[in-house]
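Worksheet for the structure shown next.
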Amino acid sequence: MRPARALVDLSALRHNYRLARKLGGQRALAVVKADAYGHGAVRCAQALEAVADGFAVACIEEALALRAAGIRAPILLLEGFFDAAELALIDAHDLWCAIQADWQLEVLAQARLQHPLDVWLLLDSGMHRLGFAPEAWQAAAQRLRDMPQVRNVVAMTHFARADELDSRRTEEQLAVFRQAGSALALPASVGNSAAVLGWPGANGDWARPGLMLYGVNPFGAPHPLADQLQAVMTLESAVISVRGIAVGEPVGYGAHFVARRPTRVGIVALGYADGYPQLAPNGTPVAIDGRPGELIGRVSMDMLAIDLTDHPAAGLGSRVELWGAQIPVTGVARHAGRTAYDLLCGVKRVPLVYLDA
Ligand SMILES: *Cc1c(COP(=O)(O)O)cnc(C)c1O
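Going left to right, the sequence shown walks through residues 36 to 392 as the numbering used here numbers them.
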């Protein structure tokens, strides 16, 4: 069997969730959109269900997959519905629903539902992606409170730059949010991972941590709280071929690596079709049997090369970690000009193997 796989540590996931909940205020929705950032939404939600206050996903398809797997906890649709027909399913499956635009408000006002809905009304406090501008938001909030189709209303906003700890933008957005919502006394939800970890003053009643659940530091630098997170995914494979090459000889497509010393090359069964970044350069960190090592040459679809010259004890069958507890995915992302978000969401083909302590 091909040795490439992604181990997913569910006890680390629970540890990270507990940290998010402790730092983020009272309650936290675990964000498991995009198949739990590549970690497998159903298994992650099952592992969290006993400790989590609820979940958040991007669309009804993701929510229904969790319901079909038996998840009974609250599930929030972060962008609400995309068409009126979804409301019947939202109603039937007891989902929570963001309202981010006028047209959704109108559809909801016309809807006939079995039960009143919990809605999360999104204020555009400065990201300018989704949500209502402050005055329109206040009018929408009043209107929702009077609608028979609505049970609870939560005031929600989203930060654009919470990962930039030296930017004033998060405080500016928060001020807009607080001012818009002050008269209405609604429960509030503001914080993504970076806000939970980096902006303790920004907590509302409901945090919405995503990335941090998977053990990833959202800041570009060490951080005392983010450093308490535990990596959840370990992407790993093994050496399937070893050869020595002479000075001046290249490795791989395009000769992106040329040996400057007699070099022992190991070939690892994992490539960009598994979600490893194709353009990761020479020197991108890996761990070889637990010791720090380096990628060499262009990453192939199914394989990549590493330098074994300084790893005399390593050889055929040696275990290679591409990212995980030892090699932070953020470091690989930085080398490759990518982000931890898109690397994790891009993991494919490799089996996800769940560990639960
Ligand atoms: C994805 C998302 C989150 C989670 O963000 P992280 O940066 O992964 O913590 C929170 N809120 C909303 C609205 C989102 O879309």
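Glycine residues also receive a C-beta, built at the ideal position from the N, C-alpha and C atoms. Remember, it's a predicted structure, so these values are computed and weren't measured experimentally.
DSSP state of N51, grouped into three classes?
helix
Tell me whether S217 is buried or exposed, calling it buried when 16 or more other Cβ atoms sit within 10 Å of its Cβ.
exposed
Leaving out five residues on either side along the sequence, give the residues of the same chain with a beta carbon under 6 angstroms from the beta carbon of L403.
Residue 403 falls outside the range modelled here, since the chain spans only 36 to 392, and no answer is possible.
For R78, which residues of its own chain have a beta-carbon under 6 angstroms away from its beta-carbon, when the five flanking residues on both sides are left out?
Y389
Taking 7 angstroms as the limit between beta carbons, can you name the residues of its chain near S46, skipping five residues before and five after?
D391 and A392
Please name the residue in P320, L152, I134 and G105 whose C-alpha comes closest to that of L124.
L152
Which runs of the beta strand (DSSP E) fall wholly inside the region 110-160 and span at least 3 residues, in chain order?
110-112, 131-134 and 152-157
If you follow the alpha helix (DSSP H) that V364 is in, where does it begin and where does it stop?
V364 to A371
Would you kindly report the start and end of the unbroken beta strand (DSSP E) that includes V388?
L387 to L390
Buried or exposed, going by whether 16 or more other CB atoms sit within 10 Å of the CB of S228?
buried
List in chain order: all unbroken alpha helix (DSSP H) runs of 4+ residues lying wholly within the region 160-215.
169-181
Give me the residue from P253, V274, S276 and G105 with the minimum Cα distance to Q265.
P253
Cut-off 7 angstroms between Cβ atoms - residues of its own chain near I362, not counting five sequence neighbours on either side
P320, V321, A322 and E356
Is the number of C-beta pairs between the region 277-286 and the region 51-64 that are closer than 8 angstroms three or more?
no
For G289, which three-state DSSP category applies?
helix
Beta carbon proximity, A218 to chain C, threshold 8 angstroms:
No chain C is present in this structure, which holds just one protein chain.
What whole-angstrom Cβ distance do V300 and L343 have, given they're in contact under 8 angstroms?
7 angstroms
Can you list, in chain order, the residues of its chain whose CB lies under 8 angstroms from that of P183, leaving out five sequence neighbours each side?
P151
Tell me the rounded alpha-carbon separation between E96 and I331.
40 angstroms
How long is the line joining the alpha carbons of A82 and P109, rounded to whole angstroms?
15 angstroms
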